[in-house]
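Peer 1:
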Amino acid sequence: MATTKHIKLPVLLFLLVALPHFYFSNIDSLLTVVKTQKDTTRINTLVRIANNYINAGQMADGEKYLIMAHDENTLVKDLNCELFISIKNISFNYKKSKFKLAYELGEETLPLAIQLKKSDAIAECKMYMGMCAGRLGDFKKALAFYHQALPVFEANHNLGMQMKLYSNIAGVYFDQLDYKTAIEYFKKTLEMAIQKSDNKVIGQTYNNIGSALSNLNDKGAKEYYLKAVKVNLLSDNKHNLGYNYMNLASCEIIENNIVKAKEYNKEALAIFTEFKDPYSIVSCLSVDADIFISEKKYKQAVEVMERAIKICDKTGSPLLMERTYKQMADCYELAGDLKRSISYMRKFVSIKDSIINDEIREEVTKKQLYYEFDKKRLADSLDAEAKQKYLKQEVDNNKRSASLQRNISVISLLSLLIVGILAFYIYRGLKKNKQASKIIEDQKRIVEGKNTEILDSISYAKRIQNAILPSSRLVKEYFKDSFILYKPKDIVAGDFYWMEVISQKQSLSSMQLSQTEKVPTADLVLIAAADCTGHGVPGALVSVVCHNALNRSVREYGITDPGKILDKTRDLVISEFEKSEEEVLDGMDISLCVLDIKTMEINWSGANNPLWIIRNNELMDVKPDKQPIGKFESAKPFTSHKIKLEQNDCIYIFTDGYQDQFGGESAKKFKVSKFKELILSVSASNMEEQQKRIDNAFHDWKGELEQVDDICIIGIRI
Numbered sequence: 000m001a002t003t004k005h006i007k008l009p010v011l012l013f014l015l016v017a018l019p020h021f022y023f024s025n026i027d028s029l030l031t032v033v034k035t036q037k038d039t040t041r042i043n044t045l046v047r048i049a050n051n052y053i054n055a056g057q058m059a060d061g062e063k064y065l066i067m068a069h070d071e072n073t074l075v076k077d078l079n080c081e082l083f084i085s086i087k088n089i090s091f092n093y094k095k096s097k098f099k100l101a102y103e104l105g106e107e108t109l110p111l112a113i114q115l116k117k118s119d120a121i122a123e124c125k126m127y128m129g130m131c132a133g134r135l136g137d138f139k140k141a142l143a144f145y146h147q148a149l150p151v152f153e154a155n156h157n158l159g160m161q162m163k164l165y166s167n168i169a170g171v172y173f174d175q176l177d178y179k180t181a182i183e184y185f186k187k188t189l190e191m192a193i194q195k196s197d198n199k200v201i202g203q204t205y206n207n208i209g210s211a212l213s214n215l216n217d218k219g220a221k222e223y224y225l226k227a228v229k230v231n232l233l234s235d236n237k238h239n240l241g242y243n244y245m246n247l248a249s250c251e252i253i254e255n256n257i258v259k260a261k262e263y264n265k266e267a268l269a270i271f272t273e274f275k276d277p278y279s280i281v282s283c284l285s286v287d288a289d290i291f292i293s294e295k296k297y298k299q300a301v302e303v304m305e306r307a308i309k310i311c312d313k314t315g316s317p318l319l320m321e322r323t324y325k326q327m328a329d330c331y332e333l334a335g336d337l338k339r340s341i342s343y344m345r346k347f348v349s350i351k352d353s354i355i356n357d358e359i360r361e362e363v364t365k366k367q368l369y370y371e372f373d374k375k376r377l378a379d380s381l382d383a384e385a386k387q388k389y390l391k392q393e394v395d396n397n398k399r400s401a402s403l404q405r406n407i408s409v410i411s412l413l414s415l416l417i418v419g420i421l422a423f424y425i426y427r428g429l430k431k432n433k434q435a436s437k438i439i440e441d442q443k444r445i446v447e448g449k450n451t452e453i454l455d456s457i458s459y460a461k462r463i464q465n466a467i468l469p470s471s472r473l474v475k476e477y478f479k480d481s482f483i484l485y486k487p488k489d490i491v492a493g494d495f496y497w498m499e500v501i502s503q504k505q506s507l508s509s510m511q512l513s514q515t516e517k518v519p520t521a522d523l524v525l526i527a528a529a530d531c532t533g534h535g536v537p538g539a540l541v542s543v544v545c546h547n548a549l550n551r552s553v554r555e556y557g558i559t560d561p562g563k564i565l566d567k568t569r570d571l572v573i574s575e576f577e578k579s580e581e582e583v584l585d586g587m588d589i590s591l592c593v594l595d596i597k598t599m600e601i602n603w604s605g606a607n608n609p610l611w612i613i614r615n616n617e618l619m620d621v622k623p624d625k626q627p628i629g630k631f632e633s634a635k636p637f638t639s640h641k642i643k644l645e646q647n648d649c650i651y652i653f654t655d656g657y658q659d660q661f662g663g664e665s666a667k668k669f670k671v672s673k674f675k676e677l678i679l680s681v682s683a684s685n686m687e688e689q690q691k692r693i694d695n696a697f698h699d700w701k702g703e704l705e706q707v708d709d710i711c712i713i714g715i716r717i
């Protein structure tokens, strides 16, 4: 039977997911109060309403009130409100298992908290970032953030936040398989929770201790799970009950009580489905697979795990992927499909190596020691008893050192003998190595030849890719003062730019015109900057599919409205990828302009990428739809934006490669805010000069670091 997994409750944010009846009653009173409020007081109440909805599992309503608060604050422009909204937004995205997005929001929010000198907000932000880093498998970063936040909460005597951090630190040790140390930290959390009479945390921590004991094969685990159930039922903590039931199901599988295991896990799955918690749903499906395996129903186990894999890959959590890939490999092996079993075992090994290794464990231990040392250094002096213990320990250490020295001498003599024997065998092996060297040289020549062939093929692919890009003459014919900064990361790129010219008589493609051929007068000029999934050869392959879909949307279907062009392009891209037997989630982000030359109007639509217009040294940021061209869970029609242009307006469309570049003294991302400042600073110059200055700024920022992504920026002066 497959090894049943016992998991700890997610720490930090899920500490607050409890008492739905309390939250709903609180919402009613807040909804009454908010009607009479204005400005910042009203905004703060809207955020509290959002937080109550989120904690009650009503994510859609929570998001709605967060957006309302954000929209109202765009008028008030209160930085304290902005900080409050931003931190709750991190919490919201974490609870939706969007760990990468939540971490990025933390990166954006932290500078504002520092600017406002809000120590609690700085610590809270770092705490959230640490938890996201842990879920993404970066334990070094997670622990670093926790230990930066902990002294602030200790200094402010914030017991609630200390409790969460201790639980999170325990989580790092748990995920590194150091269950004994994890239990020590969970027990610290439990002491504080009992001190505060916080039943939510008490119930959660009982579950976590039970999980750690289960992984140590300690039969006392079940007792802790049952304690957790009692506490969570009393406090109506439904979400945490889901974890208790799931872990009890695992215990029942081990004890071969399959009927009871099914009952527990069915309850757990219903709870996690109600809360729309994909991370926990995957864990629940894994337990279902264990149940099928115990019944020798291997085909059903595989089917359940296939569902789990689809959900798991969307979370982007390496920890969850590691567990799920391993179990999928086991299921395929038991079902007799060794080929698929090996495939998933490779995925498991690859991701496991990136998560758990000696270097990370050493770093985790080192950071913990540094923190403990700093705490000790704060004390004024050691008392007499402590000094006595220290001296006794030194004497013991000296005795051990002398014994160790004697052992080293004996080992050294044995080592010399072993080295002599080894030298003989090494000498004999050198003769064989000479023959092996010749074989290696021959193989090296073959590999170099293959590399040359591959490089030649990629270079030829670059020529093909360049052939489908608009010619510089065509672009300059319609936009005399313009530039296109196009910098692929590799030989071929996932980014591309696209242009289509529509006259009353004909539609001109992004064609290559001869030097003497006259360009027809245009009614509409369509131009876009697009970013396809990946870069290099994979990105280039996706770009060909997306480029073709854009062409068909305009030429074959005759669409000229940018939002409808993107709708049709999405349909064509999805249709093309659905021909594959495997699910393909690749796609494209794009910023698409349709310029009416006669009326001086721009009609624009964007998928994740914006439009910037600079007029009178002020930047207008037109926001895109937050969805890609490709498969997307909450897909909706793309929005078209019509804007009247004025003489000397500057238009900019671009992909995200420039602002994502690492560089500068701290090797950080360039970021959107800095990119805006750069564009504003160069906008008065002609477009040729702008291109040079933007390119120079990129090289200065990047320095010796590697370019991280393809870059495509288009600038046009009207």
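Sequential numbering of the sequence shown, starting at 0, is according to numbering that gives the first Met the number 0. Backbone N, C-alpha and C define an ideal beta-carbon position, used for all residues, glycine too. Since this is a predicted model, take the numbers as computed values, not measurements.
Return yes when the Cβ of Y145 is within less than 7 Å of the Cβ of L158, no when it is not.
Peer 2: Reading the sequence shown from its first residue, position 159 is the one you call residue 158. Reading the sequence shown from its first residue, position 146 is the one you call residue 145. No, the pair does not count as a contact, with Cβ atoms beyond the cut-off.
Peer 1: Count Cβ pairs between the stretch 624-635 and the stretch 667-684 that sit closer than 8 Å; are there 3 or more?
Peer 2: no
Peer 1: Classify L390 as helix, strand or coil using the three-state DSSP reduction.
Peer 2: Looking up residue 390 in the sequence shown gives position 391. Below a pLDDT of 50, predicted positions are generally treated as unreliable, and L390, at 41, falls in that range; no measurement from the model is reported.
Peer 1: Could you tell me the alpha carbon to alpha carbon distance between D740 and F138, rounded to whole angstroms?
Peer 2: Residue numbering for the chain in the displayed model covers 0 to 717; residue 740 lies beyond these limits and cannot be assessed.
Peer 1: Three-state secondary structure (DSSP) at F173?
Peer 2: Counting from 1 along the sequence shown, the entry for residue 173 is found at position 174. The answer is helix: DSSP assigns F173 an H, G or I state.
Peer 1: Assign M599 to one of two classes, buried (16 or more other C-beta atoms within 10 Å of its C-beta) or exposed (fewer than that).
Peer 2: Locating residue 599 in the sequence shown gives position 600, counting from the first residue. Classification for M599: exposed.
Peer 1: Would you kindly check if the distance between the Cβ of S552 and the Cβ of F495 is under 7 Å?
Peer 2: Numbered from its first residue, the sequence shown carries residue 495 at position 496. Numbered from its first residue, the sequence shown carries residue 552 at position 553. Result no, Cβ atoms of F495 and S552 do not sit closer than 7 Å.
Peer 1: Starting from the N-terminal side, write out each stretch of the beta strand (DSSP E) that is 3 residues or longer and does not extend beyond the stretch 205-288.
Peer 2: none
Peer 1: Taking only three categories from DSSP, how would you classify L67?
Peer 2: Start at 1 with the first residue of the sequence shown, and residue 67 comes out as number 68. The amino acid at residue 67 is misidentified as Leu; the sequence shows Met. In this structure, M67 counts as helix in the three-state DSSP scheme.
Peer 1: Reducing DSSP to helix, strand and coil, say where F495 ends up.
Peer 2: Looking up residue 495 in the sequence shown gives position 496. Correct three-state label for F495: strand.
Peer 1: How many angstroms separate the CA atom of C592 from the CA atom of T568?
Peer 2: Mapped onto the sequence shown, residue 592 falls at position 593. Mapped onto the sequence shown, residue 568 falls at position 569. Here the alpha carbons of T568 and C592 stand approximately 15 Å from one another.
Peer 1: Could you tell me whether the stretch 335-345 touches the stretch 312-320, where touching means 3 or more Cβ pairs closer than 8 Å?
Peer 2: no
Peer 1: With distance defined between alpha-carbon atoms, name the residue in E103, K97, Q175 and N602 nearest to I558.
Peer 2: Against the sequence shown, residue 558 aligns to sequence position 559. Ranking E103, K97, Q175 and N602 by Cα distance to I558 puts N602 first.
Peer 1: On the three-pair Cβ rule with 8 Å, is the stretch 121-130 touching the stretch 145-155?
Peer 2: The stretch 121-130 makes contact with the stretch 145-155: 3 or more CB pairs, one atom from each, lie closer than 8 Å.
Peer 1: Please confirm whether G663 has its beta-carbon closer than 7 Å to some beta-carbon of chain B.
Peer 2: Among the chains in the structure shown there is no chain B, since it carries only a single protein chain.
Peer 1: Determine the closest residue to N216 out of L176, K338 and K325, with distance taken between C-alpha atoms.
Peer 2: What you label residue 216 is simply residue 217 of the sequence shown in a count that begins at 1. The shortest Cα separation from N216 among L176, K338 and K325 belongs to L176.
Peer 1: Does DSSP put V151 in a helix, a strand or coil?
Peer 2: As a first step, residue 151 is located in the sequence shown; it is residue number 152 there, counting from the start. Helix at V151.
Peer 1: Let me check understanding here. Comparing Cα to Cα, which of Y331, I270 and Y485 lies closest to Q57?
Peer 2: To locate residue 57, count along the sequence shown from 1; it is residue 58. The shortest C-alpha separation from Q57 is found at I270.
Peer 1: With three or more beta-carbon pairs closer than 8 Å as the criterion, would you say the stretch 218-228 touches the stretch 236-254?
Peer 2: yes
Peer 1: Rounding to the nearest angstrom, what Cα-Cα distance links M686 and E617 in this structure?
Peer 2: Sequence index remark: in the sequence shown, residue 686 carries index 687 (1-based). Sequence index remark: in the sequence shown, residue 617 carries index 618 (1-based). Rounded to the nearest angstrom, the two C-alpha atoms are 17 Å apart.
Peer 1: Between the Cα of G714 and those of K643, I613 and D60, spot the shortest distance and give me the residue it belongs to.
Peer 2: Here residue 714 corresponds to residue number 715 of the sequence shown, with the count starting at 1. A check of alpha carbon separations from G714 across K643, I613 and D60 identifies I613 as the nearest.
Peer 1: To which residues does DSSP link K641 through a beta bridge?
Peer 2: For this step, residue 641 is matched to residue 642 along the sequence shown. The partner list for K641 (beta bridge, DSSP) reads N602.
Peer 1: I'd like the list of long-range same chain contacts for F661, defined as Cβ closer than 7 Å, with 5 residues on each side in sequence excluded.
Peer 2: For this step, residue 661 is matched to residue 662 along the sequence shown. K667, K668, L704 and V707.
Peer 1: Residues in its own chain within less than 6 Å of A300 by CB, not counting five upstream and five downstream?
Peer 2: What you label residue 300 is simply residue 301 of the sequence shown in a count that begins at 1. The residues are A288, F291, I292 and C330.
Peer 1: Specify the secondary structure class of F661 as computed by DSSP and reduced to three states.
Peer 2: Indexing the sequence shown from 1 puts residue 661 at position 662. Strand, per DSSP.
Peer 1: Could you check what DSSP says for Y556 in three-state terms: helix, strand or coil?
Peer 2: Locating residue 556 in the sequence shown gives position 557, counting from the first residue. Three-state DSSP puts Y556 in coil, outside helix and strand.
Peer 1: By the DSSP assignment, the alpha helix (DSSP H) with E687 in it spans what residues?
Peer 2: In the sequence shown, counting from the first residue as 1, residue 687 sits at position 688. Per DSSP, the unbroken alpha helix (DSSP H) holding E687 starts and ends at M686 to K701.
Peer 1: Just checking, does the stretch 58-68 make contact with the stretch 88-101 on the three C-beta pairs under 8 Å criterion?
Peer 2: Output reads yes: the stretch 88-101 touches the stretch 58-68.
Peer 1: Who are the near neighbours of A192 in its chain, counting only those whose CB is closer than 7 Å to its CB and skipping five residues on each side?
Peer 2: As a position in the sequence shown, residue 192 is number 193, starting the count at 1. Closer than 7 Å at Cβ, skipping near neighbours: M162, V200, I201 and T204.
Peer 1: Assign L512 to one of two classes, buried (16 or more other C-beta atoms within 10 Å of its C-beta) or exposed (fewer than that).
Peer 2: Within the sequence shown, the letter at position 513 stands for residue 512. Any answer about L512 is weak, because its pLDDT of 45 lies below 50 and its placement is not dependable; what the coordinates show is given next. By the 10 Å Cβ count, L512 comes out exposed.
Peer 1: Restricting to Cα atoms, I'd like to know which of L284, C649 and Y324 is closest to L679.
Peer 2: Position 680 of the sequence shown holds residue 679. The residue with the shortest Cα to Cα distance from L679 is C649.
Peer 1: Can you tell me whether I490 is helix, strand or coil according to DSSP?
Peer 2: Against the sequence shown, residue 490 aligns to sequence position 491. Looking at I490 - three-state DSSP - the assignment turns out to be coil, as it is neither helix nor strand.
Peer 1: Measuring straight from C-alpha to C-alpha, what distance separates L549 and C531?
Peer 2: As a first step, residue 549 is located in the sequence shown; it is residue number 550 there, counting from the start. As a first step, residue 531 is located in the sequence shown; it is residue number 532 there, counting from the start. Taking the straight line joining both Cα atoms gives about 13 Å.
Peer 1: Near Y178, which residues of its chain fall below 7 Å by C-beta distance, leaving aside the five closest residues on each side in sequence?
Peer 2: By 1-based counting over the sequence shown, the position of residue 178 is 179. The answer, listed in chain order, is A211, N214 and L215.
Peer 1: State buried or exposed for E251, treating a residue as buried only when at least 16 other CB atoms are found within 10 Å of its CB.
Peer 2: On the sequence shown, position 252 is the one that residue 251 refers to. The residue in question, E251, is buried, as its Cβ has 16 or more Cβ neighbours within 10 Å.
Peer 1: What do you get for Q626, buried or exposed, if any count of 16 or more other CB atoms within 10 angstroms of its CB means buried?
Peer 2: By 1-based counting over the sequence shown, the position of residue 626 is 627. Buried, by the Cβ-count rule.
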